[in-house]
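Notes to accompany the following structure.
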Amino acid sequence: MTMTEAFIQLKAFARQDGAILALVWTASFIALMMSPETSWGNLLALASPFAVGWRLGRFRDDALDGVISFRRGLAYSWYTFFYASLLFAVVQYLYFRYIGQGAINTLFAEAAQQMRAVYQTQGFSDQQFAQATDIMTNLKPIQLAFLFLIQNLMFGSILSIPIAAIGMKRVRTAR
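For the sequence shown, our numbering assigns the number 29 to the initial residue and increments by one for each residue that follows.
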């Protein structure tokens with residue numbers, strides 16, 4: 029297999045697995061929006077690196093005969109998080125635009141009120157705190173989706189390193 033074919037294969041598997049990860053994130057998002065007091069949404073979100081690691085293992089074992097380098101595992105993980113982030117940003121944009129702009133603003137306001145004391149001990153005035161809260165609650169749907177897209181890409185980039193290191197398998201050489 030040439031390098032071009034290997035790269036095309038890696039991206040094809042990463043697209044499919046990115047769609048799976050986007051579904052996990054969507055389920056997490058729905059759980060968080062519908063019932064923020066439960067921990068189901070957070071648990072699904074925390075399952076993301078395990079889902080990518082599991083799919084990396086399937087890619088390694090099914091497509092690569094059980095052998096994958098750190099570099100290929102890292103590229104696979106990066107692409108998987110990239111595709112998942114793009115799909116999930118579209119889902120979030122559609123949600124914020126057409127279904128529940130008020131729900132996310134309510135969550136932001138509640139979180140801000142809970143963190144108010146912490147920010148005050150850090151030297152934030154009530155005026156600065158109100159201004160920051162106002163900025164967050166007045167973001168447009170596309171801005172919110174982009175904000176979460178960047179966040180998902182950053183976390184995915186960081187998490188890809190240990191996922192690739194754990195999923196790496198080398199060919200055993202005979203001595």
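We treat Cβ as the ideally placed atom computed from N, Cα and C, and that holds for glycine.
Cβ-based burial, residue i [other Cβ within 10 Å; buried from 16]
{"i": "Phe124", "result": "buried"}
{"i": "Ala145", "result": "exposed"}
{"i": "Gly69", "result": "buried"}
{"i": "Gly45", "result": "Position check: residue 45 holds Asp in this sequence, whereas Gly was assumed. Classification of Asp45: buried, given that the 10 Å Cβ count is 16 or more."}
{"i": "Pro77", "result": "buried"}
{"i": "Ala42", "result": "buried"}
{"i": "Thr161", "result": "buried"}
{"i": "Val95", "result": "exposed"}
{"i": "Ser113", "result": "buried"}
{"i": "Arg100", "result": "buried"}
Selection from the options that minimises the alpha carbon distance to residue i
{"i": "Val118", "options": "Asn180, Met31 and Ile194", "result": "Asn180"}
{"i": "Ala103", "options": "Arg198, Ser188, Ala158 and Lys197", "result": "Ser188"}
{"i": "Pro169", "options": "Tyr121, Gln150 and Phe183", "result": "Tyr121"}
{"i": "Ala192", "options": "Phe157, Arg88, Ala140 and Leu72", "result": "Arg88"}
{"i": "Leu115", "options": "Ser185, Phe174 and Ala34", "result": "Phe174"}
{"i": "Glu65", "options": "Gln156, Ala139, Asp154 and Gln148", "result": "Ala139"}
{"i": "Ile186", "options": "Phe136, Ala137 and Thr108", "result": "Thr108"}
{"i": "Ile127", "options": "Tyr111, Val80 and Ile58", "result": "Ile58"}
{"i": "Phe98", "options": "Asp90, Gly81 and Phe110", "result": "Gly81"}
{"i": "Arg198", "options": "Leu72, Glu33, Gly184 and Gly85", "result": "Gly85"}
{"i": "Ala47", "options": "Ile132, Met61, Tyr111 and Thr32", "result": "Tyr111"}
{"i": "Ala91", "options": "Leu135, Ala137, Glu33 and Phe136", "result": "Glu33"}
Separation of residue j from residue i, as counted between CA atoms
{"i": "Ile194", "j": "Trp106", "result": "15 Å"}
{"i": "Gln159", "j": "Leu51", "result": "35 Å"}
{"i": "Leu74", "j": "Ile178", "result": "17 Å"}
{"i": "Ile163", "j": "Lys39", "result": "38 Å"}
{"i": "Ile36", "j": "Thr30", "result": "10 Å"}
{"i": "Trp53", "j": "Arg83", "result": "15 Å"}
{"i": "Ala55", "j": "Gln142", "result": "25 Å"}
{"i": "Asp93", "j": "Met196", "result": "12 Å"}
{"i": "Ala79", "j": "Ser153", "result": "42 Å"}
{"i": "Gly130", "j": "Phe157", "result": "20 Å"}
{"i": "Phe176", "j": "Ser67", "result": "19 Å"}
Paired residues, beta bridge with residue i - DSSP
{"i": "Ile96", "result": "Lys197"}
In chain order, which continuous runs of the alpha helix (DSSP H) of length 4 or greater are located wholly inside the segment 145-198?
154-165 and 169-195
Along the chain, which unbroken stretches of the alpha helix (DSSP H) at least 4 residues long are found entirely within the segment 31-83?
31-62 and 68-74
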